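The next block holds one structure in the form of structure tokens; read it before the comments.
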Amino acid sequence: MYLRPEDRARPSRMALRIAVVGGVAVALFAILFFRLWSLQIIDGASNLAEAKNNRTRSAKIIAPRGKIVARNGDVLVDNRTSLALQVDPTKLPEDPAEEAAELKQIGELVHLKLPQVRKRIAEEEKIVAAGAPLTIRRGVGYDLIYYIEEHKGKFPGVTVEKVFVRNYPEEDEAAQILGHTGEVSEKELESGPYVGTEPGEVVGKEGLEYSYDKILRGTPGISRYQVNAMGEPTPGGNLTSTPPQPGDNLKLTINPAMQKAGEAALAERGLPGAFVSMNVKTGEILAMGSAPTYDPSVWTKPLSNKQYEELSSEETGDPLFNRATSSAYPTGSTYKIITALAGLENGVFTPDTVVDDTGSIEVGGQTFENSEGEINGPITLVPALEKSSDVFFYTQGYKMWKTDYLQEWSAKMGIGRPTGIDLPLPPGAEGLVPSKKWTEEEIADGNEYIESWGPGQNIQLAVGQGYLQTDPLEMGIAYAALGNGGTIVTPHLGKEVMDPAGRVLREIDPGPRRHVKIDPGYRQLIMEGLHDVTSGPGGTATSVFKEFPIPIAGKTGTAERGFPHANQAWFISLAPYPNPDIVTVVTIEEGGFGAETAAPANKQILEAYFAHQLKQEAEKEGESETGEAGEATETGAYVEEEAPPATETGGVG
Amino acid sequence: MMYATRARQARPELFDDRPTLGERLGLAQMDWVLTLAAIALVAFSVFTLGQATLHDVPGNPHYYVERQAIYGIAGIVGMLVLGRVDYSRFRELRVGIYTFLCASIALVFFVGAAALGSRRSFELPFFSFQPSELAKLLLVLALAGFVIDGARRGSPLRRTARYLALGLFPAAMVFLQPDLGTALVLVVGTLAVMYFGGVPWPHFAVIGGAIAALIALVLVVAPAVGHPVLKEYQEQRLTSFLHPSSDPAGAGYQQDQSMVAIGAGQKTGRGNQATQTRLDFVPERSTDFIFAVIGERYGFLGAAFVLSLYALLIWRALRIVTLSKNSYGILVAGGIAVELLFQVFVNVGMCLGIMPITGIPLPLMSYGGSSVLATFLAVGVLQSINIQARLSRQGRFAW
């Protein structure tokens, strides 16, 4: 039989071979199915998450910080854009030689030598949180952007970023109040108000920038875009990008004219000092400044140690220090209203109580003299305020030394207590009113320089000397309470929050802190005394204010600060008299007598506040035939308002 | 004897009435499950490419779809025509086929078009033809012929050596193109034909040992002594699946991305949200990594469906092995079935991260005229074996 080879009966082992292949096929498909199941069903969710993460990149879009404007809209702080060359430290080569080579190249881009680049990086690393890009140089040119883009491979981790930089059109005006911004530090990321911000974000560091940071900061936008495997954005691949929310604008209570006047008044005198002018009813701060001051734009560039030294050392007068809110000054005679209130309200003396001012009193072998050694003779409260008779108040202080009247009334009026102002203050800014209890505590704590409580200390306190430590703002609050009849206002600088388009979102009105019951008659009496200070024949500031057409109440102060410091000058005014709208405090370190420096400076601020009225007065004056006649009528007109001199004489009587 | 007699008796009937086109094409005797599985695969390929490659060629969103559809239709026609050709003729043409396949591969070295550093194809007016793809089928056809004809010549050892030489020569040429993946398919095809040709098990044991030794030599010893056989990228691709995450930016990256893509598809897929494969995270998405596209876009449902179609295809191919009317058919069908199985497993396994990156396309799914056509022609040969087997059972011979 003929059979071709292929037609022979198949060997049975062929069936085995086919079965083996079939088995292998089944096994292989089982592997594939199992693996597919494992990837898609078991690990599907995590793979999906990875895929989502993979395809998008997000870039932060910096939100411009809100503007800070004065109450009339004048811009105090806004932004300008600047280009910054930044380097991501995590992307620098690890090999030291390579790193040096790259840093050298980066430095060449911005004309810095390698050591300078390293120095910049070291400085930046100190202030910014780990992982944030380090700014090598700010204010670089646009051409650098294109160059970096074209040579991306050569400069890994190097970018030119558009950054917003704070801009201060008024330069050094209100510098300590406005404060400054900076990149959030590592510490701030961990605790405090900036938890939740991201490394590299710019936050308020000081002043209003700090206290209103939430309002001003805004929310960075995030641009999410799809990228391909090379990390390049795909055309039209912009996903939901959250636009940056610019910060809201902050309108301040600051009256720029008064602010300028105050700054100028201090600058003219060239001495360290401070001023505060505040609405006595609302606590709105119309002007506040501290000298010496500085231009906060120094903060827009990294500050060198030397620069910082210059801004904070005693030799330069510590321009960063806000003397208006954080100083620890004795007040001199300006404190006398507290002594007056404490004495009157507690019945220690009456409006008619006469003290024979012989120029000094002697208590326990210690002599307390009037500051100029003058002798005022028998005197009651009102003229004692007018002439600033220390002996009168020494006597009252002595009478109260075993009581806490002075301390109580200091606290009631806000001296030595937190003010509640919307500024960050250093610890201890509330100051100190010495008391028996305090001296005992200090001595118990081992403070050798504190003498145990005695009449001398209360006598000193009664005229604003001794251990008393307060600041212009607290004195302003106390005088405001006198002026408004007992309301302790909350001083504040923020007036309105406005959205970036300028619509008012909310008003800032913290409301009064508390009320103090002051007998209206006593208040009246003290106000009269203060008015006489600026207008009475023996008034310590009459010489300064006699030409000032608007009646005011005021008090001079001359605080002894001990050798080698010359006396510190104070002047606090309440204007207009008798129903004041504003309280204005000026203090000048080593300014001598209050009437010499502080009172004229105070008047300059008042002139700015009453500018409109003064102009009208001046026009009226021009209308009248000649100057003298006009002046006479003017004075006459105001004398009329001063009508209750009867009370004054009554008081003396 | 019995078959032959029945066939002769049947012959006069056929002259009585002219056969219809359907009868001429042997539609009745065709393996319809196999046909439909193959057509479904290429249709799914066109569908997938249509969604996944819309933006690949600027200004021509249907570039891949149109071409793949044309290749598919041409392939189906080729399958139907080849199905009606008696495959046994290829046995007689074995020398010619072998010569043609070796010559075409060799010719690529001289006139081939270079792509990505290797010469694999001819630039023809309408598409670039890659001889090595067709070689997968041609080598099986020729080698099966040599095996059948040489069945009683020489000792078993000499025969094994001869088959190996015949199979490895074109494989070596393809390897030098360089095209490692196709070379491996040729080697596997050779071994499959030898396997079904009855080469003794001990020989396979030796061959297996030799392969293991070769792998060790190529991947470990040769680079160690400074004479690497593989190009660096080849070696990286081959070994990276063992440690896929070690270098996300390197060779393991593609596989990582592919696995993430497939995994992200979860149960029902991400559809047009399939960003992994749409945004170039997965490379070669229209060709080698198309399974990742399916996995991400259509999820486990889609991927399992495609795998099932392949399981169907291979089951039918193996079934045809058992049906074949002669040994040549067994060897050819077996070779084709194992080659398909190998390609599917290696490609899908690569996408799933359990097999190395070898550059083997997924038959019928991966975009590419040569691959689609060659696979359809291979399916056509399977159909021919099926048709011939059914016809001979019915006592009818081929036209």
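Protein chains in written order, with my numbering: chain Z, 838 to 1490; chain H, 10 to 408. Even glycine gets a Cβ: it sits at the ideal position worked out from N, Cα and C. Every value quoted in this text rests on a predicted model; they were computed, and no experiment measured them.
For the pair Tyr1145/Z and Glu1046/Z, the Cα-to-Cα distance works out to about 19 angstroms.
The region 1317 to 1378 of chain Z is shown to contain whole alpha helix (DSSP H) runs of 4 or more residues at 1357 to 1372, in chain order. Along the region 274 to 291 of chain H, going in chain order, the ones with a CB nearer than 7 angstroms to a CB of chain Z are Gly274, Gln275, Lys276, Thr284, Gln285, Leu288, Asp289 and Phe290. Under a criterion of Cβ atoms nearer than 7 angstroms, the residues of chain H adjacent to Gly859/Z are, in order, Leu327.
Taken residue by residue, none of the region 906 to 919 of chain Z has a beta-carbon sitting less than 8 angstroms from a beta-carbon on chain H.
In this structure, the beta-carbon distance from Ala61/H to Ala888/Z does not fall below 9 angstroms. Nearest C-alpha to Ser1060/Z among Phe1408/Z, Gly1044/Z and Thr1079/Z: Thr1079/Z. In this structure, Ile1258/Z and Thr1276/Z do not form a Cβ contact; the two beta carbons are roughly 29 angstroms apart against a cut-off of 8 angstroms. A contact is defined here as three or more CB-CB pairs under 8 angstroms, and the region 1298 to 1316 of chain Z meets this definition with respect to the region 1214 to 1233 of chain Z. Residue environment analysis places Ala1179/Z among the buried positions, since at least 16 neighbouring C-beta atoms fall within 10 angstroms of its C-beta. Runs of alpha helix (DSSP H) with 4 or more residues, each lying fully within the region 947 to 1007 of chain Z, are found at 951 to 964 and 980 to 987, listed in chain order.
Rounded to whole angstroms, Arg328/H and Lys928/Z show a C-alpha spacing of 59 angstroms. The beta carbon of Thr296/H sits no closer than 9 angstroms to any beta carbon of chain Z. The alpha carbon of Asn1207/Z has as its nearest neighbour, out of Thr996/Z, Val1113/Z and Gln1297/Z, the alpha carbon of Gln1297/Z.
Apart from the 5 residues on each side of it in sequence, Leu43/H sits with its Cβ closer than 6 angstroms to the Cβ of Arg325 in its chain, given in chain order. When C-beta atoms of the region 1127 to 1134 of chain Z are compared with those of the region 1007 to 1027 of chain Z, three or more pairs fall below 8 angstroms, so the two segments count as touching. Counting only runs of 3 or more residues that sit fully inside the region 1192 to 1247 of chain Z, the beta strand (DSSP E) segments are 1192 to 1194, 1197 to 1200, 1203 to 1206 and 1214 to 1216, in chain order.
For a Cβ distance threshold of 9 angstroms, residue set Ile271, Gly304, Phe309, Ala312, Ala313, Leu316, Val357 and Leu361 of chain H lies close to Leu873/Z, ordered along the chain. Under the three-state reduction of DSSP output, Gln923/Z falls in the strand class. Taking 9 angstroms as the upper bound on Cβ-Cβ separation, chain Z lies near residues Ala201, Tyr204, Phe205 and Gly207 of the region 188 to 214 of chain H. The CB of Ala320/H comes closer than 7 angstroms to the CB of Phe866 in chain Z, given here in chain order. Going by C-alpha positions, Pro1337/Z is about 22 angstroms away from Thr1137/Z. Straight across, the Cα-Cα distance linking Leu91/H with Ser393/H is about 7 angstroms.
Residue pairing for Asn395/H: DSSP places it in no beta bridge. The beta carbon of Leu1367/Z sits closer than 7 angstroms to those of Leu1222, Ala1390, Gly1391, Lys1392 and Leu1411, all from its chain and outside the five residues before and after it, given in chain order.
Per DSSP, reduced to three states, the secondary structure at Ala1455/Z is helical. According to DSSP, residue pairing for Ser1410/Z in a beta bridge involves Gly1391/Z and Thr1421/Z. Ile1419/Z sits buried, since 16 or more C-beta atoms from the chains shown fall within 10 Å of its C-beta. Neighbours of Ile878/Z across chain H, judged by C-beta separation under 8 angstroms: Gln275, Lys276 and Phe309. Contact between Asp1194/Z and Ile1174/Z does not hold, since their C-beta atoms are separated by about 18 angstroms, which reaches or exceeds 8 angstroms. A direct Cα-to-Cα measurement between Glu1105/Z and Gln1441/Z gives close to 11 angstroms. Ranked by Cα distance from Ile1052/Z, the first of Val1021/Z, Ala864/Z and Glu1333/Z is Glu1333/Z.
Shown here, Ile106/H sits in a helix according to DSSP, grouped into three states. Of the residues assessed, Tyr979/Z falls on the exposed side of the cut-off, its CB having fewer than 16 other CB atoms within 10 angstroms.
A contact between stretches requires three or more CB pairs, one per stretch, nearer than 8 angstroms, and the region 347 to 364 of chain H fails this requirement with the region 274 to 289 of chain H.
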